[in-house]
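Residue numbers (full-length UniProt numbering), protein chains in the order written: chain A, 1 to 311; chain B, 1 to 311.
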C-alpha cells in the first residue's frame, strides 16, 4: 500500500509518528504501508520522507494508491479530494466540513471510480463510530441518533456549570488549546451540524442539504441558564440530533438540558459521545476523545487499514 | 456467500429473520448471502430452508463456505468449530465459553487454514466491540480494560439497590427471562471471565489460561453491602478487568463499587459496557444491549458481512 499525505498539522504528524513507531509491533496491520510523498505548504524538516509543497505532485504520482487529505476546509481540500477519486486513488479524510457540504458528489465519485472513501476521523476523533455503524449496526432501521460532537462546547458548558461566564469559559478554552482563535464553527454549532449530518447519512443513506439543518449554538446560553438547569438536576449539552420519520430526515443542533440518569449527562469536558437507537440493537453509545492529534491519527490509520482489508 | 447455520435458538431464528427481512433494503451488504443448510436437533418447521439434525451434513457440504455456530458450550460446538476450520470454511461464532477455553487452538487453526474466525457476538451482544478493537483501536498500547459484561448480574444488582434481597433479585431475573434456570455461569462471574479474557486477547494478543483468572461472582454480595455502598454514593458493578504490566497479563472478575461520576455508574439493568484505555485514543467506552436475540443476531450478521468484505 502506497500513501500520499497532504496536510501535515497535528493529526498528520501523529499519523507519521504512529505508523513508524508501531510498524514492528503491528506488522500485520500496518507493516507494509509506505508513505511515498508528503505535501505541506510549510517546509517541515522530516528526514526520510519525500516532501513537496505542491499537492499535484502527490496526485500525479502513479505509484500512490491512497491519498490522505488532512488539510480541512472546503477550498483546496475539495479540489484535492475530487482529483484523488477521479485519478482512481482511494481517499482517506478527516474533513467533516467537506463531507457535510460536498459528500454527495464525493461519495458518488468514489463509487463511479470504484475506489474507497474512508472518513472515520471526521466524527468523534478517536472514537470508532463511522465503521461500527457502516459495518456492524447497518441492518438496523434506526429511529434516532443523538451526539455530543464538539469538545470545545462541551468543555465550555462544564466550565459554565463550575461558575464561569460564557466569555470566561471561552477564554479558558482558548488558553487550554481547546478552542481556536476563531471559534465560530464550534460555538455556533456548525461543526456539530457537519458531524450529525455525516452520521445521519450513514444511518439513512441521505445527505441532508446543509442549509436545511436547524442550528442553534451555545453562544446565546448564559451562566444563569446553566445554573437554572443545574438546580433542577439537569445539565446542558450541545446535541446534534437526527431522526427519520419514514418520509423526511430531520436534523437539528441545539443546547438540550439532559437528565442526571442519562449516560450523556456524564459525558463532560472535551469528551464526545454518539447514541444510536436501532430496531434490532436497541440503544448503543460510543464514548471517547473527540479530538486530539493522537486519537484522531489512530482513526486515520484505521481507515488506511480498512482500505488494505478491502473495506 | 453460502452459509450453513448450526443451532437454531433465539439468536439463530433472529439471524434468519433479519437476513430475509432486510435483504432488499440492505442488498449491498447481505443481498447475496444464501443459507444452504440449517442444523438443529429440534425439528423446527421452517419452509424454504434445507433442514437437518446432523451437523456433519453442514460440515461436509462442499458448497458451504462459512459455518455459523450458535449452539454454545464446549461439547459439540468445539468439534464443529475445529472441523469447520479444518475443512477450510470460515467460522462465525457467538460462543464466548468456547473461545475463552479453546481459543488458542481455534485461532491458530483459522490461521493455518487461511480462513476467517469471527466472533463479534461473543462479547457484549449487539454492541460493536470486537471489530472496533481489532480494526480501529489496534495501534494502541492498551493500559487497561474494564467491562460490565453480564446483563443478568447487572440487572440483579440494580434490583438489590432498589431493595430486593439477593434471592429475590435472582428470582425476579428468572421471571423476566434475564437469568437461566441454572444461573451459575452468570452469578459466579464465569461468563464475565470468558468475555474479559476474549477482550484481553484482542488487546494484548495473549489468551490467558482460564484457570489462572481470579473470579469472584456476585453470589456473596448482600443487600446490606449494596445499601452500604449506596449510602456512600457508590454502586456495585460486576467488573471484568484486565491489564498488562509489561510482563504479565492480569485478569480478574469481582464486584467493584463504582463512583457516581463514572459513566459505568449509569450502566444499569441488562445493559453492558466496555471501557478501554489506550495510549493514543485515551478512554473509549462502548455501551449497549449485551444480550437479546435481535441484538446478538445483528452482531452475527455483521461478522458474516465482514467475511464478505475480506476482514
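Glycine residues also receive a C-beta, built at the ideal position from the N, C-alpha and C atoms.
Just reading off the beta strand (DSSP E) that residue 105 of chain B is part of, what are its end residues?
Counted from its first residue, the second chain places residue 105 of chain B at position 105. No beta strand (DSSP E) holds residue 105 of chain B; the alpha helix (DSSP H) holding it covers 96 to 112.
Closer than 8 Å, CB to CB, is residue 183 of chain B near chain A or not?
Taking the second chain and counting its residues from 1, one reaches residue 183 of chain B at position 183. Judged by the 8 Å Cβ criterion, residue 183 of chain B is not in contact with chain A.
Along the alpha helix (DSSP H) that carries residue 3 of chain A, what are the first and last residues, could you check?
In the first chain, counting from the first residue as 1, residue 3 of chain A sits at position 3. Here residue 3 of chain A belongs to no alpha helix (DSSP H); instead the beta strand (DSSP E) covers 2 to 6.
For residue 139 of chain B and chain A, any beta-carbon pair shorter than 8 Å?
Position 139 of the second chain holds residue 139 of chain B. Interface residue, yes.
Where does residue 135 of chain A sit, in a helix, a strand or coil, going by DSSP?
If you number the first chain from 1, residue 135 of chain A lands on position 135. Correct three-state label for residue 135 of chain A: helix.
In terms of residue numbering, what span does the alpha helix (DSSP H) encompassing residue 225 of chain B cover?
As a working note, residue 225 of chain B is residue 225 in the second chain. Residues 223 to 231.
Thinking C-alpha only, which one of B/48, B/46, B/38, B/14 is nearest residue 55 of chain B?
As a working mapping, residue 55 of chain B is identified with position 55 in the second chain. Per the Cα distances, B/38.
Do the segment 85 to 105 of chain A and the segment 261 to 268 of chain A meet, that is, are 3 or more Cβ pairs less than 8 Å apart?
no
Could you check whether the segment 213 to 228 of chain A touches the segment 156 to 172 of chain A, counting it as contact only if at least three pairs of C-beta atoms, one from each stretch, sit closer than 8 Å?
yes
Could one say the Cβ of residue 233 of chain B lies closer than 8 Å to chain A's Cβ atoms, at least one of them?
In the second chain, residue 233 of chain B corresponds to position 233, counting from 1. Taking Cβ atoms only, chain A never reaches closer than 8 Å to residue 233 of chain B, which makes this a no.
Comparing the C-beta of residue 50 of chain A with each C-beta of chain B, is any distance below 8 Å?
Within the first chain, the letter at position 50 stands for residue 50 of chain A. So, not an interface residue.
Among A/143, A/296, A/277, whose alpha-carbon lies nearest the alpha-carbon of residue 245 of chain A?
The residue given as residue 245 of chain A occupies position 245 in the first chain. Of A/143, A/296, A/277, the residue nearest in Cα terms is A/143.
Under 9 Å (Cβ pairs) to chain B, residues found in the segment 99 to 127 of chain A
120, 125, 126, 127
Could one say the Cβ of residue 236 of chain A lies closer than 8 Å to chain B's Cβ atoms, at least one of them?
Position 236 of the first chain, counting from 1, holds the residue named residue 236 of chain A. Judged by the 8 Å Cβ criterion, residue 236 of chain A is not in contact with chain B.
List, in chain order, every chain A residue whose beta-carbon is nearer than 7 Å to that of residue 32 of chain B.
Taking the first residue of the second chain as position 1, residue 32 of chain B is located at position 32. The contacting residues do not exist; residue 32 of chain B stays about 15 Å from chain A at best.
Under 8 Å between beta-carbons, which chain B residues line up against residue 263 of chain A? List them in chain order, please.
In the first chain, the residue the question calls residue 263 of chain A occupies position 263. Under the 8 Å cutoff, chain B gives 263, 266, 267, 287.
Inter-residue Cα distance where the pair is residue 189 of chain A and residue 15 of chain B
As a first step, residue 189 of chain A must be located in the first chain, where it is residue number 189. As a first step, residue 15 of chain B must be located in the second chain, where it is residue number 15. Near 40 Å, if we compare the C-alpha coordinates of residue 15 of chain B and residue 189 of chain A.
At 4 residues or longer, and completely inside the segment 11 to 40 of chain A: list those alpha helix (DSSP H) runs for me, N to C.
27 to 30
Is the Cβ-Cβ distance between residue 90 of chain B and residue 65 of chain B less than 8 Å?
Position 90 of the second chain, counted from the first residue, corresponds to residue 90 of chain B. Position 65 of the second chain, counted from the first residue, corresponds to residue 65 of chain B. Taking 8 Å as the Cβ cut-off, residue 90 of chain B and residue 65 of chain B qualify as a contacting pair.
Name the residues in the segment 282 to 306 of chain A whose C-beta lies less than 8 Å from a C-beta of chain B; which are they?
282, 283, 284, 285, 286, 287, 288, 289, 292, 294, 295, 297, 298, 299, 301, 302, 305, 306
Which same chain residues end up closer than 6 Å to residue 242 of chain B when comparing Cβ atoms and leaving out the 5 residues on each side of it in sequence?
Within the second chain, residue 242 of chain B is the residue found at index 242, counting from 1. Excluding sequence neighbours, residue 242 of chain B sits near 145, 196, 200, 251.
Between residue 175 of chain A and chain B, is any beta-carbon pair separated by less than 8 Å?
Within the first chain, numbered from 1, the residue matching residue 175 of chain A stands at position 175. With 8 Å as the cut-off, residue 175 of chain A does not count as an interface residue toward chain B.
Per DSSP, the bridge partner or partners of residue 148 of chain B:
On the second chain, residue 148 of chain B is found 148 positions in, with the first residue counted as 1. Partner(s): B/239, B/273.
Taking residue 133 of chain B as the reference, give the member of B/285, B/301, B/297 with the closest Cα.
As a first step, residue 133 of chain B must be located in the second chain, where it is residue number 133. Nearest C-alpha to residue 133 of chain B: B/285.
Could you spell out where the beta strand (DSSP E) holding residue 259 of chain B opens and where it closes?
Translated into the one-based positions of the second chain, residue 259 of chain B becomes position 259. Where residue 259 of chain B is concerned, the enclosing beta strand (DSSP E) stretches over 249 to 259.
Measure from the C-beta of residue 230 of chain A to each C-beta in chain B and report whether the shortest distance is under 8 Å.
As a first step, residue 230 of chain A is located in the first chain; it is residue number 230 there, counting from the start. No - not a single Cβ of chain B is within 8 Å of the one on residue 230 of chain A.
By a C-beta neighbour count over all protein chains shown, 10 Å radius and 16 as the cutoff for buried, is residue 35 of chain B buried or exposed?
As a first step, residue 35 of chain B is located in the second chain; it is residue number 35 there, counting from the start. Classification for residue 35 of chain B: buried.
Minimum Cβ-Cβ distance from residue 155 of chain A to chain B less than 8 Å
Reading the first chain from its first residue, position 155 is the one you call residue 155 of chain A. Chain B, which has no Cβ nearer than 8 Å to the Cβ of residue 155 of chain A, makes this no.
Own chain partners of residue 141 of chain B with C-beta closer than 6 Å, once the 5 adjacent residues on each side are dropped
In the second chain, residue 141 of chain B corresponds to position 141, counting from 1. 279, listed in sequence order.
Return the residue from the list B/116, B/45, B/238 that minimises the CA-CA distance to residue 68 of chain B.
Along the second chain, one-based indexing puts residue 68 of chain B at 68. Of the listed residues, the one whose Cα sits closest to residue 68 of chain B is B/116.
Output the distance between the C-alpha atoms of residue 184 of chain B and residue 169 of chain B, rounded to the nearest integer angstrom.
Taking the second chain and counting its residues from 1, the one referred to as residue 184 of chain B is at position 184. Taking the second chain and counting its residues from 1, the one referred to as residue 169 of chain B is at position 169. Answer to the nearest angstrom: the Cα atoms are 14 Å apart.
Counting along the chain, where does the beta strand (DSSP E) carrying residue 287 of chain B start and finish?
On the second chain, residue 287 of chain B is found 287 positions in, with the first residue counted as 1. Looking at the DSSP string, the run of the beta strand (DSSP E) that includes residue 287 of chain B is 282 to 289.
Could you tell me whether any Cβ in chain B is nearer than 8 Å to the Cβ of residue 136 of chain A?
Stepping through the first chain from its first residue, residue 136 of chain A is reached at position 136. At least one chain B Cβ lies under 8 Å of residue 136 of chain A.
For a contact defined as C-beta to C-beta under 7 Å, what are the partners of residue 18 of chain B on chain A?
One-based indexing of the second chain puts residue 18 of chain B at position 18. Within 7 Å Cβ-Cβ: 139, 280.
C-beta contact flag for residue 149 of chain A and residue 240 of chain A at 8 Å
Numbered from 1 along the first chain, position 149 holds the residue referred to as residue 149 of chain A. Numbered from 1 along the first chain, position 240 holds the residue referred to as residue 240 of chain A. Contact flag set, yes.
Backbone secondary structure at residue 216 of chain A - three-state DSSP:
To locate residue 216 of chain A, count along the first chain from 1; it is residue 216. Note: residue 216 of chain A maps to coil in three-state DSSP.
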